[in-house]
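Numbering (our numbering), first residue to last: 453 to 954.
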Amino acid sequence: MSDQMKDRMKDIVSLCKRRGFIFAASDIYGGINGFWDYGPLGTELKNNLRDRWWHDMVIAPPIGPDGTPISIVGIDSSIIQNPKCWEASGHVGGFNDPMVDCRESKKRYRADHVFVLTPKDGQGHAFAFDKDAQNEEIEKRLKKLAKNKSINDFDRESLDQIPAADFLNIIGPDVKMAGTLTEPRQFNMMFHTYVGATAGDENKAYLRPETCAGIFLNFKNVLDSSRVKVPFGIAQVGKAFRNEVTPRNFIFRSREFEQMELEWFCAEEDVPKWFDFWVEQRTNFWLSLGIPKSELHFLDVPKEDLSHYSSRTIDVEYRFPFAAPDFDELEGIAHRGNYDLTQHQEFSGEKLSYFDQQENKRFLPHVIEPSTGLTRGVLALICQAYTVDENRPSGVYLDFHPSMAPKKAAILPLTAKPHHVEPAQKLYMSLRDEFVVDLDIKQNIGKRYARQDEIGTPYCFTIDNETLEDHSVTVRDRNTMAQERIPLDKVKAFLREKIHGK
RNA sequence: GCGAGUGUAGCUCAGGGGUAGAGCAUAACCUUGCCAAGGUUGGGGCCGAGAGUUCGAAUCUCUUCACUCGCUCCA
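Below is the structure:
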């Protein structure tokens with residue numbers, strides 16, 4: 453990251469805090485790593501992005517390649533599911549082994565793959581070895597480091613059986629000094645909890661690490677209740693949790709985050725057609741929100757980097773300041789095959805196949821998954837909107853697309869006198885049912901414009917003496933700072949046109 | 001997790017073993033009011049937390065927490 457871009461991120465983070473977009477979670481307690489709270493404006497922004505996605509997916513889905521609207525329904529599944537779900541998805545198992553790090557050699561060991569020789573007489577250090585270590589090399593090492601003691605002078609134990617308090621006396625497998633091993637840690641990315649009052653392994657449960665599982669679990673329920681036919685989609689927006697080793701880059705990688713996921717179910721032979729369709733649709737989505745094509749990058753994920761279930765994935769990447777001049781992931785569009793339905797069918801014992809009456813055949817649909825980080829989208833919108841302009845008092849403004857801006861307009865009486873304030877209040881009341889608008893009366897007009905610039909309000913309506921004479925107001929455009937006069941009774945139509953384009 | 005750096009007001013920062021500072025923000029009031037204007041007044045911090053050294057610590061030492069960067073991790 454260049455210094456300039458480092459500063460840019462710092463400026464963005466501090467603006468977000470100063471103006472009430474995003475705060476550190478538990479701020480007054482010193483924060484908690486990897487968690488963030490959304491303030492008044494950040495919440496509006498996030499809701500705008502979420503609502504727009506929901507609208508474009510579920511309320512008014514795109515027109516398909518054949519010219520007719522496609523079919524998508526929405527669900528909202530539980531964050532905690534039966535733990536078997538995560539065994540089926542592959543999230544539990546294989547990654548549950550406690551690991552031990554060596555501070556000196558920088559190596560990482562599975563605790564059950566390391567054994568320890570503890571001196572029978574309790575004198576001197578204990579020695580750790582890789583489980584495959586041969587007697588010959590063990591003796592050699594002991595001769596060197598343990599004053600010619602031999603294997604017979606030691607008890608052998610697996611490292612995961614030894615209390616962490618005793619680690620200080622252990623010399624790691626690849627070093628010559630004691631006390632460099634960390635205590636064993638689980639490296640599972642899932643947060644776990646216990647369902648019910650007693651905390652035991654039998655009622656251990658997990659917070660979902662991705663929202664898509666809830667969609668697969670409800671595939672049959674939706675099929676049975678919604679009259680949908682393949683191809684169709686199920687959409688969901690919600691929180692997901694991953695115990696990231698290193699949360700980084702503001703809200704980009706956090707431990708609690710929000711996803712907007714669509715699972716598109718189709719026949720295997722139609723996969724290429726729909727894959728291209730969704731890449732195009734999702735690209736258009738970001739373009740329509742003001743992310744320019746030049747700041748987007750499409751990464752056809754190389755075979756060796758693909759998840760085990762995916763045969764093709766395209767990452768839609770955005771040039772986040774911390775990644776610039778490179779890009780980082782904003783959305784992934786993955787062909788998941790029928791891996792998920794296959795797994796859940798096997799683990800649950802429920803038949804999850806689809807019967808196509810016209811073709812008279814039964815099959816497990818393939819899945820194309822456009823999966824977006826809602827909170828990453830919010831960050832992309834903020835980064836893209838952040839515009840330095842030394843020619844204006846605020847020095848910076850947020851160039852949000854009007855439909856994304858947390859406040860659509862501010863209503864500003866030129867003075868705090870009743871003859872300006874009263875018409876302003878009237879205008880405010882007539883707009884607030886339909887638009888998120890601010891009524892700001894106090895302080896001089898320049899300061900109020902500047903404040904709206906900084907939070908990205910696209911329009912300011914000012915009530916002045918002319919308003920009293922001819923029922924017109926001035927509209928100030930955020931980006932150009934230019935003003936025009938429009939009739940009071942055209943304000944609503946003006947906003948509708950600017951925000952919805954109609 | 002490892003290594004380096006940082007932590008002082010809402011934000012950005014200065015200072016530095018002896019009574020906590022600036023700019024901006026924020027609140028109130030004034031004005032013949034269109035771009036952070038001028039004026040007056042106010043609120044806000046025991047200097048990230050804990051321990052130690054000292055007559056005395058925001059300042060020095062240690063521990064811890066958080067953040068930033070690099071590595072690692074991101075199935």
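No residue lacks a Cβ here, since even glycine has one placed at the ideal position from N, Cα and C.
Check: Looking at the structure shown, is lysine 860 part of a helix, part of a strand, or coil, going by DSSP?; Outcome: coil
Check: Express the C-alpha separation of lysine 859 and tyrosine 911 in angstroms, rounding to a whole number.; Outcome: 9 angstroms
Check: Can you tell me whether DSSP reads isoleucine 686 as helix, strand or coil?; Outcome: strand
Check: What are the start and end residues of the beta strand (DSSP E) that includes phenylalanine 750?; Outcome: 748 to 752
Check: Could you tell me how far apart the beta carbons of glutamate 906 and leucine 826 are, in whole angstroms, since I believe they sit closer than 8 angstroms?; Outcome: Their Cβ separation, rounded to whole angstroms, is 23 angstroms, which puts glutamate 906 and leucine 826 out of contact at 8 angstroms.
Check: By a C-beta neighbour count over all protein chains shown, 10 Å radius and 16 as the cutoff for buried, is arginine 828 buried or exposed?; Outcome: buried
Check: Shortest alpha-carbon distance to valine 830 belongs to which of Ala630, Gly483, Asp479, Asp503?; Outcome: Asp503
Check: Any contact between the region 649 to 664 and the region 778 to 787? By contact I mean 3 or more CB pairs, one from each, below 8 angstroms.; Outcome: no
Check: Would you check if the distance between the CB atom of valine 566 and the CB atom of alanine 585 is smaller than 7 angstroms?; Outcome: no
Check: For asparagine 695, which option in Glu496, Tyr490, Arg707 has the closest C-alpha, if you only look at C-alpha atoms?; Outcome: Arg707
Check: Answer with buried or exposed for isoleucine 480, where buried requires no fewer than 16 other C-beta atoms within 10 angstroms of its C-beta.; Outcome: exposed
Check: Using the Cβ count rule (16 or more neighbours within 10 Å means buried), how would you classify aspartate 890?; Outcome: buried
Check: Where do the N-terminal and C-terminal ends of the beta strand (DSSP E) with lysine 813 fall, by residue?; Outcome: 813 to 815
Check: Which runs of the beta strand (DSSP E) spanning at least 3 residues fall entirely within the region 854 to 937, listed in chain order?; Outcome: 861 to 865, 889 to 891, 911 to 915, 924 to 929
Check: On the CB-based measure, 16 or more other CB atoms within 10 Å of its CB, does glycine 690 come out buried or exposed?; Outcome: buried
Check: Exposed or buried, phenylalanine 750, counting other C-beta atoms within 10 Å across all chains shown (16 or more means buried)?; Outcome: exposed
Check: What number of angstroms, rounded off, separates the C-alpha of glycine 546 from the C-alpha of glutamate 654?; Outcome: Confidence at glycine 546 is low in this model, with a pLDDT of 47, below 50, so its placement is unreliable and no value can be given for it.
Check: Nearest to asparagine 600 by alpha carbon, out of Asp607, Ile590, Thr824?; Outcome: Ile590
Check: Hey, how far is the Cα of lysine 596 from the Cα of lysine 628?; Outcome: 10 angstroms
Check: Relative to the C-alpha of phenylalanine 704, which residue among Thr824, Thr765, Arg844, His787 is closest?; Outcome: Thr824
Check: Keeping to the same chain, check which residues put their C-beta closer than 8 angstroms to that of leucine 866; ignore five residues upstream and five downstream.; Outcome: His872, Ile897, Thr914, Ile915, Asp916, Asn917
Check: Pick from Phe684, Ala719, Glu662: whose alpha carbon is nearest that of glutamate 811?; Outcome: Ala719
Check: Sort Ser541, Val525, Asp618, Gln795 by Cα distance to serine 677 and report the nearest one.; Outcome: Val525
Check: Quick one: Cα of alanine 861 to Cα of valine 888, how far?; Outcome: 7 angstroms
Check: One question on the structure: do histidine 818 and asparagine 843 come within less than 7 angstroms of each other, judged by their Cβ atoms?; Outcome: no
Check: Look up tryptophan 716 in the DSSP assignment and give the residues it is bridged to.; Outcome: Gly685, Ile820
Check: Count the CB pairs spanning the region 875 to 885 and the region 510 to 522 that are closer than 8 angstroms, and state whether there are at least three.; Outcome: no
Check: When the Cα of alanine 736 is compared with those of Val674, Pro514, Thr765, Ser800, which residue comes out closest?; Outcome: Residue identity check: residue 736 is asparagine in the sequence provided, not alanine. With distances taken between Cα atoms, asparagine 736 lies closest to Pro514.
Check: Any idea which residues DSSP pairs histidine 644 with across the strands?; Outcome: Tyr658
Check: Sort Phe852, Leu669, Lys656 by Cα distance to isoleucine 743 and report the nearest one.; Outcome: Phe852
Check: Following the continuous alpha helix (DSSP H) through alanine 945, name the residue where it begins and the one where it ends.; Outcome: 943 to 952
Check: Pick from Ala630, Glu635, Pro625, Glu662: whose alpha carbon is nearest that of phenylalanine 643?; Outcome: Glu662
Check: What separation, rounded to the nearest whole angstrom, lies between the Cα atoms of asparagine 534 and tyrosine 880?; Outcome: 49 angstroms
Check: Give the C-beta separation of phenylalanine 774 and methionine 457 to the nearest angstrom, bearing in mind that I take them to be a contact with Cβ-Cβ under 8 angstroms.; Outcome: 7 angstroms
Check: To the nearest angstrom, how far is the alpha carbon of phenylalanine 693 from that of isoleucine 531?; Outcome: 9 angstroms
Check: Report, in whole angstroms, the separation of the C-beta atoms of threonine 634 and aspartate 757, which I expect to be a contact under 8 angstroms.; Outcome: Not quite, the Cβ-Cβ distance comes to about 29 angstroms (not below 8 angstroms), so this is no contact.
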